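Anchor point for the sequence shown: position 22 equals 704 in our numbering, and the numbering is continuous, going up by one each time.
Ideal placement from N, C-alpha and C gives every residue a C-beta, glycine not left out.
Being a predicted model, the structure only gives us computed values, none of them experimental.
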Amino acid sequence: MKHNRPITPQGYAALKTEYDRLFRVERPKVVEIVSWAAGNGDRSENGDYIYGKQKLRSIDYRLGQLSKSMKTANVIDPSDQPDKDHIYFGAQVALADEEDNEIFVTIVGDDESDADLNHIGWNSPLARSLRRAAVGDVRQVNLPSGPKWWEVIAISY
């Protein structure tokens, strides 16, 4: 299996923490409830049993997603980036648009993107357009509303 999904060490740790919590805490609780509910007789009208089985399927599905993400993860520490003058994975970037509105984004793995924290996924349109850019470069991002231009103001790792 290819290790082609970049992720920060913190992002990988978060995936592992969620996996461990689901596998060691949540899943055993639900299995216990389902086992108890199964012993209560008719399963077709047993809400605890039906809900428990649905919850178990949901947990197992998420565990599968997390397992796949961790197996294909390529953990990259942004501080190890040798070329700190250009935008690569893990860069913290200050940008200005055509109206001089500034935003600050951090380019992270797709599994750890979070709009509330301004963490954008490596394969997002904005991150793809910024790859290898230097301070002063202007890059176009094609949005559903039309093209938007961003100037790179600062880069840090």
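Contacts around residue i, its chain only, beta-carbon distance under 7 Å, and the 5 residues preceding and following it disregarded
i, result
"N728", "A719, N722"
"A776", "E784, F786, I835, A836"
"E700", "L748"
"Q715", "Reading off the sequence shown, one finds Ile at residue 715, where the question assumed Gln. Excluding positions up to five away in sequence, the list reads D730, G734."
"L745", "Y701, L704, F705"
For residue i, three-class secondary structure by DSSP
i, result
"T788", "strand"
"G723", "coil"
"Q692", "helix"
"P826", "coil"
"E708", "helix"
"I835", "strand"
Environment of residue i [buried if 16+ CB atoms lie within 10 Å]
i, result
"Y694", "buried"
"V834", "buried"
"Y770", "buried"
"L748", "buried"
"P760", "buried"
"G818", "exposed"
"R797", "It should be noted that the sequence gives Ala, not Arg, for residue 797. Exposed."
"L799", "exposed"
"V707", "exposed"
"S795", "buried"
Same chain only: Cβ atoms within 6 Å of residue i, ignoring 5 sequence neighbours per side
i, result
"D767", "A816"
"Q822", "P829, W831"
"A809", "I789, I802"
Same chain, Cβ closer than 8 Å to residue i, neighbours up to 5 away in sequence not counted
i, result
"R687", "S751, T754, A755, N756, G791, D792, D793"
"P807", "V823, N824, L825"
Alpha carbon of residue i to alpha carbon of residue j, nearest angstrom
i, j, result
"N805", "R725", "45 Å"
"R814", "E781", "24 Å"
If we require 4 or more residues per run, which alpha helix (DSSP H) segments fall completely within the segment 796-821? 807-812
Output the residue ranges of the alpha helix (DSSP H) runs that lie fully inside the segment 722-763 and measure 4 residues or longer, sorted by chain position. 729-753
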